[in-house]
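Sequence order for the protein chains is A and B. Note that the working numbering has the first sequence beginning at 1, numbered continuously upward. Note that the working numbering has the second sequence beginning at 536, numbered continuously upward. In this text, a Cβ means the ideal position worked out from N, Cα and C, and glycines have one as well. Take a look at the structure set out below.
Protein chains: 2
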Amino acid sequence: MADVRNADELFKEFKAQSVSEFFKKNAAMLGYTGKIRSLTTIVHEGVTNSLDACEEAGILPEISVWVEELGTEHYRVTMEDNASGIPLEYVPQVFGRMLAGSKAHRNIQSRGQQGIGVSGAVMFSQVTTGKPTSFLTSTGDTHIVKGRVQLDVKRNLGEIVDKEKLHNTSGWRGTVIAHEAKGVLYNKSRYSPYNYLRMTSIANPHARITFIEPDGTRILFERSTTLVPKPPKAIKPHPYGITPDDLLTMASNTDAKKLGAFLEKEFVRISSAKAEEIASLSGVSLAQQPARLSWDDAERVVNAFKATKFFAPPTEGLRPIGGEEIAKSLTSTLSPEFTQTITRAPQTFRGGILFVVEAGLAYGGKAGKGGIEIIRYANRAPLIFDQGGCAITEAVKSVDWKRYGVRDVEKVPLTVFVNIVSTHVPYTSAGKQALAMEEEIHAEVRYALMDCGRALSRFLAGKRKLYERRSKMNTLLKYVPETAAAIAALTGQDAAGVADRLSRIVSERYELVDEDEGDEGEAAPTDTEEDTDEQ
Amino acid sequence: MADVRNADELFKEFKAQSVSEFFKKNAAMLGYTGKIRSLTTIVHEGVTNSLDACEEAGILPEISVWVEELGTEHYRVTMEDNASGIPLEYVPQVFGRMLAGSKAHRNIQSRGQQGIGVSGAVMFSQVTTGKPTSFLTSTGDTHIVKGRVQLDVKRNLGEIVDKEKLHNTSGWRGTVIAHEAKGVLYNKSRYSPYNYLRMTSIANPHARITFIEPDGTRILFERSTTLVPKPPKAIKPHPYGITPDDLLTMASNTDAKKLGAFLEKEFVRISSAKAEEIASLSGVSLAQQPARLSWDDAERVVNAFKATKFFAPPTEGLRPIGGEEIAKSLTSTLSPEFTQTITRAPQTFRGGILFVVEAGLAYGGKAGKGGIEIIRYANRAPLIFDQGGCAITEAVKSVDWKRYGVRDVEKVPLTVFVNIVSTHVPYTSAGKQALAMEEEIHAEVRYALMDCGRALSRFLAGKRKLYERRSKMNTLLKYVPETAAAIAALTGQDAAGVADRLSRIVSERYELVDEDEGDEGEAAPTDTEEDTDEQ
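If you want it as structure tokens, here you go:
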């Protein structure tokens, strides 16, 4: 084998790269793929950050998004929020450093959770235009910081290119960020910023979002409630959700000096009585120093967790939208004939990561898009890409819709709404557009849909019965003039009067008298919408 | 708003995390999701690395994979290859550091391209069992290094836990790696290591793969060729595939002192005449120092690239499988009635990243799995997960199979084989199981399938004609005994002799005489396989 190359030769080219270099080369993993999707991804990153920031600060969100066309496939996206603002010293990290943030290490519900999103948008902007990203921010104090920020890709660090301090005469608080990007395209498809914001508005009824399109059209997605959702709360882990590795990581970070105190302090649902139980089951002493736990100790403690009964994790830290709000949103955007929603009880996946599934069905009106339309959310952020690879889609497909009265899934005017709320959403990719196939999540989505499906089934059965009754009634009414004429001839009564009475009798028999129209004895209108799924 | 929290309070919790911490928390992005998939992912990472290593070194791969069940949902995966081995000083980086490797910064076709895979498997093993990964490696010199390696997750560094040097008495060269993992499961579904290796073998006919299942069953996927594929070659970028940012990055790394030399040296297809053309189009002097190019210069040079005609990129660096090998593989694994394959001409996506699409169709036999079965590959590595979110799947679905004679896509016994070969595969996720929707790739896959589809169409039309001829013949043959009896009665000939002659006439008319069976005058057997797609 003369051609065989040896290891020393082969390994000469071995090198390390920074996480920014990695994502620059693999921008598709962050959602920067395709002209339309890339533009929407920029908007997605900015808006989810703004909503998270408002929620954490307890502020009612006012968000503006402005997309300008600067040239062929060349756009500027400017986004403003009224959140807490960013202290200057954090600007380089927030905007320019990947994997830096306040959420990844806390067990808290948020739209972003990785600390990649906004710096990804800054990088995409820089890579396509060579320009840093402009920002304005103020925490509401005496000044506003105005500047430009960029990424040092090799070192994964943010750099402020220039900055000035302006007087904050109006007391403005918030952040404005403006990215320029090339090789992107604006349109109004379902993958566009327009639809992204429309879907965001559906799941965030407390947010007011103003959108200015490239042609100057101004669209207001008005809030339907002024109730500020309670800020999500960091939730301590539940013993059922813990692996030995998690336990050791937590043990190396705690300031508790003994295992007993560590367990009681860092977990939910572990009382001192439970801690005793764990100690006796595992054989690991509660007096042991957490930092000195071995893997074997940790494994025994975790096995003891599994053998012990605990209350379910508390759920007050999670913030579902709520069935009523979902129904309101579906009604206002789709004007359906029927809606049904459900917020399921909290469950856990992988042993103990808390999540809640919310679902809704809307039938008729503008619902459905040539068959079942799925609208997916995770922590209220819309998932509009990668639908095919998402556990939610799999769950929707796994439901036997025929059992719920849907005769043709290819044509039914049905919109399926699903929102997953969790402290840790198991995304399949850093682009955060699809959920991994976690069995428990898949099952919960199914149950939620089946629950709503039962109501749909009743509605459709009623609709069919109504349709059949109307058909019968219409048949009978068709003979009214003839019958009335015959009766009139026999009895000498006024034919119109007889017809009127006969029509009322038929209509009353079929319980369809309309207060306004009944007197005129008109046949009930044949609603062409009605048999849409009867084909 | 009494509840509003200010920025200083909110930003106290801001922290950075390492790339290993990120992927530890988001292991689903690396493919560690679900018990079965997690086990297969470990095998996938090891085997792709081994195949790449053999290919680069010009070695005919001999790979062994051994899965042992150590306890409930507790397995050990041991993999051995005969590649170049790893010099000791690189072991911590290869096995324990994410984003370190020899491929990410080179423009070369390889299965791995990120430098995450194997360290991801080491991390998964460590996180589920607390144990480092064992290894043995030798570059074929006087010694073998035996040791254990683990990840320092916080710092994203590999650490050798223990090591010893053994005498290499047999001259063995290669690497053995053994991961233990908990919370995983072995079975024989299409998502299993078994199917993964079977599919690997289909696309790598030069590899011999031995697989030992947990119950001791030994399976040999034998090579069907002993031709060592030529090692892939790093390909210099083509000017059409370059963005201004790429140009500046390359300019800051080159040792050329002038733009002219830089262009000629670092790109393919730029001669000095072409360089002159670019200079005059862009107005950027060829004497300019590459490191001093501004964004504006870079943009003008790239625009000049686009306005200049260049030869297509050279393709000798890419290593497709080849239509003949694909057909051989499909035939040996599926025993189909029909195969058709194609290796398309090289194309580029995003302006200039070179790729080749290969496709194959197999019809009948064991092809198809309740309708069209799609088997996907990227650089010969099987993609068995995330099928729904892959551009290949979209392309297969976009083909109007009815036009190619397929009457029922839900039932047709058809296997579709697609392999994409590229120096940079645009994966949607670090788990490398699905391709992003790059328009050019989508289009090429479609064209490849349509091309094979035309042959399928001819085959199926022939099959139908044959079926119809056979039906007619069978009808005629049914009347032979009666007719023969009548003729015999009229002419006084022997009835059996007349029947025999009549049968031959009918059969010859329909060109279906079988050498062996024709004499017996049997009706041609009705092949029940035949009308599988005629339902």
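Contact test: residue i Cβ vs the ligand GTP heavy atom, cutoff 7 angstroms
i, result
"Arg223 (chain A)", "By its list of ligands, the structure shown contains no ligand whatsoever, and the ligand GTP lies outside what it can speak to."
Extent of the continuous alpha helix (DSSP H) to which residue i belongs
i, result
"Met734 (chain B)", "Pro728 to Ala738"
"Trp830 (chain B)", "Trp830 to Ala842"
"Pro779 (chain B)", "Pro779 to Asn788"
"Lys465 (chain A)", "Glu439 to Thr491"
"Lys163 (chain A)", "Here Lys163 (chain A) belongs to no alpha helix (DSSP H); instead the beta strand (DSSP E) covers Leu157 to His167."
"Gly895 (chain B)", "Counting along the chain, Gly895 (chain B) falls outside any alpha helix (DSSP H), though it belongs to the beta strand (DSSP E) covering Ile888 to Tyr898."
"Gly174 (chain A)", "Here Gly174 (chain A) belongs to no alpha helix (DSSP H); instead the beta strand (DSSP E) covers Gly174 to Lys182."
"Asn49 (chain A)", "Lys35 to Ala57"
"Arg1039 (chain B)", "Ala1030 to Arg1044"
"Phe756 (chain B)", "Note, Phe756 (chain B): premise wrong, no alpha helix (DSSP H); beta strand (DSSP E) at Arg753 to Phe756."
The beta strand (DSSP E) enclosing residue i, as first and last residue numbers
i, result
"Gln150 (chain A)", "His143 to Asp152"
"Gln644 (chain B)", "Here Gln644 (chain B) belongs to no beta strand (DSSP E), and DSSP marks it neither H nor E."
"Val958 (chain B)", "According to the sequence displayed, residue 958 (chain B) carries Thr and not Val. Careful: Thr958 (chain B) lies outside any beta strand (DSSP E) and carries neither H nor E."
"Gly606 (chain B)", "Glu597 to Gly606"
Nonlocal neighbours in the same chain, by C-beta distance under 6 angstroms from residue i, ignoring five residues either side
i, result
"Thr1061 (chain B)", "Confidence at Thr1061 (chain B) is low in this model, with a pLDDT of 36, below 50, so the placement of that residue is unreliable and no value is reported for it."
"Val1048 (chain B)", "At Val1048 (chain B), the pLDDT of 44 sits below 50, so the modelled position is not reliable; the number obtained from the coordinates is stated separately. Correct list, in chain order: Ser1042."
"Cys54 (chain A)", "Pro61 and Ala83"
"Tyr404 (chain A)", "Gly453, Leu456 and Ser457"
"Glu546 (chain A)", "Any answer about residue 546 (chain A) is impossible in this case: the structure gives chain A only from 1 up to 535."
"Arg469 (chain A)", "Tyr510"
Cβ-Cβ distance between residue i and residue j below 8 angstroms
i, j, result
"Ile278 (chain A)", "Phe349 (chain A)", "no"
"Arg835 (chain B)", "Ser815 (chain B)", "no"
"Pro232 (chain A)", "Gly317 (chain A)", "yes"
"Gly46 (chain A)", "Val94 (chain A)", "no"
"Phe756 (chain B)", "Ile744 (chain B)", "yes"
"Asn642 (chain B)", "Pro772 (chain B)", "yes"
"Met29 (chain A)", "Ser964 (chain B)", "yes"
"Ala251 (chain A)", "Pro193 (chain A)", "no"
"Ala312 (chain A)", "Pro346 (chain A)", "yes"
"Ala716 (chain B)", "Thr752 (chain B)", "no"
"Arg540 (chain B)", "Glu89 (chain A)", "no"
"His714 (chain B)", "Ala656 (chain B)", "yes"
"Arg758 (chain B)", "Ala742 (chain B)", "yes"
"Ser18 (chain A)", "Asn168 (chain A)", "no"
"Asp1029 (chain B)", "Ala1023 (chain B)", "yes"
"Met123 (chain A)", "Val145 (chain A)", "no"
Spatial neighbours of residue i in its chain, beta-carbon cut-off 8 angstroms, leaving aside the 5 residues before and after
i, result
"Gln823 (chain B)", "Lys793, Leu794 and Asp832"
"Gly85 (chain A)", "Thr137, Ser138, Thr139, Gly140, Arg173, Gly174 and Thr175"
"Pro855 (chain B)", "Thr878, Val891, Glu893, Asn954 and Val956"
"Val947 (chain B)", "Tyr898, Gly903, Gly906, Ile907, Trp936, Val941, Thr1067 and Asp1068"
"His424 (chain A)", "Asn107, Gln113 and Ile353"
Residue closest to residue i, alpha-carbon to alpha-carbon, out of the options
i, options, result
"Gly650 (chain B)", "B:Gly636, B:Pro774, B:Gln661 and B:Asn642", "B:Gly636"
"Ala1034 (chain B)", "B:Leu1012, B:Leu1025 and B:Ile747", "B:Leu1012"
"Lys570 (chain B)", "B:Ser933, B:Pro825, B:Arg690 and B:Tyr721", "B:Tyr721"
"Asp697 (chain B)", "B:Val688, B:Lys689, B:Arg690 and B:Val684", "B:Val684"
"Ile392 (chain A)", "A:Asn419, A:Arg403, A:Trp401 and A:Asn379", "A:Asn419"
"Gly322 (chain A)", "A:Thr423, A:Met473 and A:Leu227", "A:Leu227"
"Asp361 (chain A)", "A:Leu354, A:Thr331 and A:Gly241", "Sequence inspection shows Leu at residue 361 (chain A); the Asp mentioned does not correspond to that position. Checked all of A:Leu354, A:Thr331 and A:Gly241; the closest Cα to Leu361 (chain A) is A:Thr331."
"Arg380 (chain A)", "A:Asn26, A:Gln17 and A:Ser50", "A:Ser50"
"Ile42 (chain A)", "A:Arg76, A:Gly71, A:Ala486 and A:Glu13", "A:Arg76"
"Tyr196 (chain A)", "A:Thr128, A:Gly120, A:Ala345 and A:Gln433", "A:Gln433"
"Ala448 (chain A)", "A:Leu466, A:Phe385 and A:Thr341", "A:Thr341"
"Ser1006 (chain B)", "B:Tyr1045, B:Ser553 and B:Ala930", "B:Tyr1045"
"Tyr191 (chain A)", "A:Glu13, A:Ala275, A:Val127 and A:Ser38", "A:Ser38"
Cβ distance (whole Å) where residue i is taken to contact residue j below 8 angstroms
i, j, result
"Ala83 (chain A)", "Gly174 (chain A)", "6 angstroms"
"Ile326 (chain A)", "Phe211 (chain A)", "Their Cβ separation, rounded to whole angstroms, is 22 angstroms, which puts Ile326 (chain A) and Phe211 (chain A) out of contact at 8 angstroms."
"Lys578 (chain A)", "Pro229 (chain A)", "Lying before the first or after the last residue shown, residue 578 (chain A) is absent from chain A, which here runs from 1 to 535."
"Ile375 (chain A)", "Met98 (chain A)", "That pair is no contact at about 29 angstroms."
Chain-order list of residues whose beta-carbon lies under 7 angstroms from that of residue i (same chain, five-residue window excluded)
i, result
"Pro541 (chain A)", "No answer is possible for residue 541 (chain A): it lies beyond the span of chain A, which begins at 1 and ends at 535."
"Asp8 (chain A)", "none"
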